[in-house]
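Have a look at the structure below before the remarks.
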Amino acid sequence: MRSKLRLALALVACLGIACARAGSITALLQEHIHRFNGTSLLENELKEVLELSRRQLASAAEGKQLSQLLATSNKDDGGAVLEEAERVAEEQPTLPILARRIVFARRLLQFLAQGGSALGDKDEQELLELAKGFYALHVAGVVERGLLEYLHISKSGGTSFSHAAKANGCAMEGGMGQLEELGDLPRWVNGSAFREATGAQRVMWDAYGEVERRTSAATCAARKEHVLGRGHNYVSNEYTLHGGLEDMKQTHVCPQLVNVVTLRNPLKRLESHLHYMLPFMSRSVKRQTKDGAAFARAFCSGRPGVWEAVAPAVADNYNVRSFIGEAAFHSPVGAIGQPHLDLAKSLLVQFDLVLDLDAGEDASSLIMSQGLGWGKTLSEVRARTSKRVTSKLGFSEADCPRDGLAELLPRQQPDLQLYRLGRVLSFLDSLFLDLAREAGQTPQGAAAAAAGGEGGGGGSEERGSPLARFTRCGTLRLQLRETSQPDHQHDEDGAIDEIDEDTDPDLMSWPPLLSTLCVSGVGADVGAGIHTLRLDASVWGLPSLVNCAVAMSGRLPNVRELQLDCWRSAEGDVGSPRAVYTALAVALPRLERLTLPFTSWLPGCEALNGSGITSLGLDMARGPLFVEDSRALTQIRQLTHIELNLQQWPQQWSPESARPLSLWFNQDDEEDFPTDESDALMVAALHPEHAEQLGALRWLLVHAPRTLHSIRIRYLQGLLRPRAPAGDGGAAEDEASAPQIDIRDVVVLFEGGAVAAVEVGRAECEEAGATAMGLDFLAAALLPRLAATGQRQLPLLKFHFIEEYLQHLAECVVSPRRPFARLLRMCERKDIGTLRLADLPSISTAASPAGALQSVVQHLGAPDYLQSGGGRKWLFRLQLSPGPSGDAAAAGGTSGGAGGAGGGDGTVPAAGAGDTVPVATAEWALSRAAHLLWGAATGERGAAAVAAAYELARRARPEEHDSLCRYALQGHFVVLRGPLIQQMLLSGNGTKLLHAWLSGVLNISVRPGGASAAEPAGSVPVAPGPGLAAAGPEAAAEEELLCGAMAVVPAAATAVVGCWTAAEAQRLARAAAAAGGVAAGSLEARAMRMTHKCQLMPELSPLNSVIGMALQEVWDSRARNGLTAGPSNGGGGSGGGGGGAEAGAGAAAGSSTEERGQSAQQQQCAGPSGQGGQTAQDAAAPAQGAGAGSAGKEAAGGARVTPADDLDVAALQKLLALAADVRRGLVEQQPVSRSWLDE
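Per mature numbering (1 follows the signal peptide of the UniProt record, and there is no 0): the sequence shown = residues -22 to -1, 1 to 1217.
The following block contains the structure:
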């Protein structure tokens, strides 16, 4: 890099200085000072910048000499300073930034001290030379690092900034450039406080409390490698700066990246933030609760306390929190003080560029154009605002007075002080860049100098298509996005924000030319090997993209799959679709599979009839399927596979022009259109556009080509009829709150002209009744096909997952006129994987729901798994089908388990003939769960302990939690047990005393070298890490949170303490074991981690899993433990009640050794994904050969096996009541902070 920097400096020097009029530099300085509006404040802030920058520069090992050069005299030796800044730039990119600000702050202070009088020619020349030199360093540093990280402080212009980045060609993730796997998403809302305040279960941004970034790219180097590996050069971080989990002072910027931040007045930012959140919160409450006034009571009553509870970080110095790291970001309300502010300031001065949005458009445009080389700036893009959101969501601010918010504003003093510093940093950056521009420097010229090389020239061959350098290629993806600027931004509720810019019609001739250039020079053998071609564009039409493919076809003769992807269909890019498809079939004669982006591009595809295309799909429909689309598809008689993606996207939200509906249901004269007796019911319930989609699916099914093997619908979504207006909200509000059908992965298989099977991946709902309506929708599309072909029976109807409220599902399957009930009566075989009933717990207390469940099972069939809860609730999951299946056989033949142990993998073998019979009491279930958890912690080698370890480590299944299934998030906790816990629980204050004791033990120094021989058998043998060996009272005093939340199992003298990090868990386990080791075995502790199956807190999530396993044992043994025959006999059976607890604890303690504990830790800490995935699988291997699974054993032992069309509802009622008793048997204790202990 040093050679590049020298070259850049030399070339910049050769460019010369633009002719500057005498006194023009003085005028420029005076103009910037005038715009700042406050000379005295400017002087004070400049002095603070000098002090902060000098301190940061002197603290860096590589910055000593640079610091000394800058301190030798009041006049800067420009050449020496620049040379030294160049020397350190490669290893410490932030040091030239600090030096730059020191130089210009000091020069400006000298100018102010002289009363702003005119500078001499020599002084002006020196200032321009310094600006040129530092500008060359700045641009070279940007070019060398190659990745911009934007710290997105919410509601500070971040969305617009990311839009500008996209408009300027930055390669970034869709939306705002945020990568979810980096853990940078915002933490605005405390989900539990929101539920308590409103009764609603979910709301956007409810990740507050997730302190640690859940990412494998935790270091700056790994972060950069990951982002660049995705092909991006821009990433946005809307959480906080990096690090600071163990110590706030360890928070840092990533010097390997170009760091940019935008700031605005924090009081305006706070008001904007709260106003922006209100419409989304209002909609969530309205959708999820029956109490229409809940939202107004919580947020429209003028109480600032609700904001401090629901959105603590947002309401309390959010700017400072964004700079101080993960742990300090979650500091309690009111705890942000001078240490936090000092840290935030020390990090802010290390940013490459700081933009003050309140300084005006000219200032921000200058920094973006001259500092980043962007042609499009904030003044030229439009992003979403609070007003746009409130209008789109039908929210009226007048109906929600927020006078109490004024009480929050005086508490934002740390934010105001940080903003004052940011304001002057932005002023300095703007002045420096303006001086560089005055000196004739441009970002393009400086970048060319920095990237210019030691080589040069290069003939036309070197400038040809990069593809020509390949010797082999199978898939070619061509992105054609630079000829137009439109972009779209989605929020999480599907609304679109657009940057509306018309596409230049002259650019429409570019696609074929660009695509031809792409394959120029490609060898015949390489071109012949390309079998898949994907063309991506922003705003082009079908003719342009097909012309691209046609232009490339001469060099790509063997393309068998063509994927066309386009964000929006251009209005002016039109032609004859039939002619376009005809040309495509001629140009690519070997084409077999075609994928299109829009349903509106389907009309005209009938021209493909007779071609080689046998598979046609829609990747993103962006609108409903229309009848005319299906008519075109069914005329391609050689099709064998059709794949659709019918995501819910009303036409008024769609990025293409609206199309007229066919109104097939009103055309009585069209005798050949397939109808059904349910038409009146369905059309009345559906949104008009999705009534159109129903007709389109019917036509497609009834008139499907005889060659067709399958139709797959990846997403089948649609809106029901908007609700009747509740007031003056208007149609937009009603439509936004309309229930939504959501069915995924529908596959219709054909064989011999008949429908052989219908398989559905997921049918789920956010509101009661929506899934039932979706099932009716699907049936109403299928029934006319069966009737038209005379097919009286459907061989197989299979659902992998159904979610609904029980009463609605019962009505759907029982009512004889409902389409789904009629379809069920035609099915020879019905398979249900998981049935999730949101109101399943009500079965335990009422006869009516129990009867409804029996009816559902009789008509739909007994599911393999019955489930309720999930998300942020306790997950109850019960395997009903007997015997091992799927993964069960591979994991040792064990049965599935409640609480997420389903599928057979990792669950507890039932008791054998000589074992304890599971007892249907809460005490037994809790004791058994504690025993399983401790067995996993200590690495017991029995099948039950191994299964429990696997259960804790495995990844969530889709039916448990869809997003956790994709992202294996880890939770950390400590398990403690022993007589010491029991003694504390017997005292008056029980769990509070235990929790305070645990908090206090962290003040005890941890002995170096690990546990001694005198320590109890459960202590954690972990070598001291940084901060552990010397973790005395001073270290403990710096911690904000001394001990995490805790859940206690009194029946087994066991406690589980949640922790945010592995280091925190290790430290607590060691300190507890050391302090509790008064006598051997008095207290044992293990630090563990698990993979979350639901969004419960770390202290509850592992208990949810092992309690589920214990409940599954009770269910599998129901014929022997009284769950089926009658009331449970309480403590009957050996080991029942308290005896079971004692026996379990003794067994676990007797089998734990240090060696086994280390082995267990290696097994249970390895999740089933990533590098640790195989370890978790291996952990389950010893269970193989352990005999039949629990359900299988019960069948052999004479237990009643549930048939496919029946369910022992009475036994299920008792089990659900038992599950409720078990949860009530847990005692929870919230965290204890130092301030509470001091009080």
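Note that beta-carbon positions come from the ideal geometry of N, C-alpha and C, so glycine has one too.
Cβ-based neighbour list, residue i, same chain, cut-off 6 Å, excluding 5 preceding and 5 following
i: residue 1026; result: 969, 1033 and 1205
i: residue 669; result: 661
i: residue 349; result: 331 and 411
i: residue 1199; result: 900
i: residue 392; result: 295, 298, 314 and 319
i: residue 287; result: 171
i: residue 1224; result: With the chain running from -22 to 1217 in the structure shown, residue 1224 is simply not present.
i: residue 991; result: The predicted model places residue 991 with a pLDDT of 32, which falls under 50 and marks its position as unreliable, so this point remains unresolved.
i: residue 1182; result: The pLDDT assigned to residue 1182 is 42, lower than 50, so where the model puts this residue is not dependable, and the model offers no usable value.
i: residue 832; result: 1187
i: residue 409; result: 10
i: residue 82; result: 406 and 410
i: residue 908; result: 1027, 1030 and 1032
Distance between beta carbons of residue j and residue i, contact taken as under 8 Å
i: residue 1071; j: residue 1194; result: Actually they do not touch by this definition, with Cβ atoms about 19 Å apart.
i: residue 830; j: residue 773; result: No, residue 830 and residue 773 are not in contact; Cβ-Cβ is about 28 Å, not under 8 Å.
i: residue 728; j: residue 682; result: 7 Å
i: residue 112; j: residue 218; result: Going by Cβ atoms, the distance from residue 112 to residue 218 rounds to 29 Å, so no, they are not a contact pair.
i: residue 1043; j: residue 979; result: Actually they are not in contact, since the Cβ atoms of residue 1043 and residue 979 sit about 14 Å apart, beyond 8 Å.
i: residue 529; j: residue 554; result: Not a contact, Cβ separation roughly 18 Å.
i: residue 534; j: residue 508; result: 5 Å
i: residue 797; j: residue 656; result: 4 Å
Contact set for residue i: own chain, Cβ-Cβ below 7 Å, skip 5 residues either direction
i: residue 1208; result: 1023
i: residue 664; result: 672, 696, 698 and 699
i: residue 604; result: 577, 637, 640, 670 and 674
i: residue 394; result: 244
Identity of the residues DSSP links to residue i by a beta bridge
i: residue 805; result: 772
i: residue 238; result: 128 and 331
i: residue 1066; result: 951
i: residue 336; result: Answer is none; residue 336 lacks a bridge partner.
i: residue 738; result: 724 and 777
i: residue 690; result: 621 and 725
i: residue 212; result: 126
i: residue 456; result: 513
i: residue 815; result: 782
i: residue 398; result: Note: residue 398 sits in no beta bridge, so no partner.
i: residue 571; result: 539 and 593
Cβ shell of residue i (< 8 Å), same chain only, five flanking positions each side left out
i: residue 208; result: 151 and 157
Cβ neighbour criterion (16 or more within 10 Å) applied to residue i
i: residue 1262; result: No statement about residue 1262 is possible, as the shown extent of the chain runs from -22 to 1217 and does not include it.
i: residue 763; result: buried
i: residue 511; result: buried
i: residue 771; result: exposed
i: residue 251; result: buried
i: residue 279; result: exposed
i: residue 1076; result: buried
i: residue 794; result: exposed
i: residue 601; result: buried
i: residue 567; result: exposed
i: residue 70; result: buried
i: residue 19; result: exposed
i: residue 1029; result: buried
The ligand NAP heavy atom lying under 8 Å from the CB of residue i
i: residue 604; result: What this structure holds is no ligand at all, so the ligand NAP is not there to describe.
For this session: Would you check if the stretch 773 to 792 and the stretch 748 to 756 touch, i.e. whether three or more CB-CB distances between them fall below 8 Å?
Result: yes
For this session: Spell out a yes or no on whether the stretch 138 to 151 and the stretch 445 to 452 are touching, meaning 3 or more CB-CB pairs, one atom from each, closer than 8 Å.
Result: no
For this session: Specify whether the stretch 256 to 266 and the stretch 343 to 358 touch according to this definition: at least 3 beta carbon pairs, one from each stretch, less than 8 Å apart.
Result: no
Exercise. How about the stretch 112 to 131 and the stretch 173 to 180: do they share at least three Cβ pairs that are nearer than 8 Å?
Worked result: no
Exercise. How about the stretch 680 to 694 and the stretch 715 to 724: do they share at least three Cβ pairs that are nearer than 8 Å?
Worked result: yes
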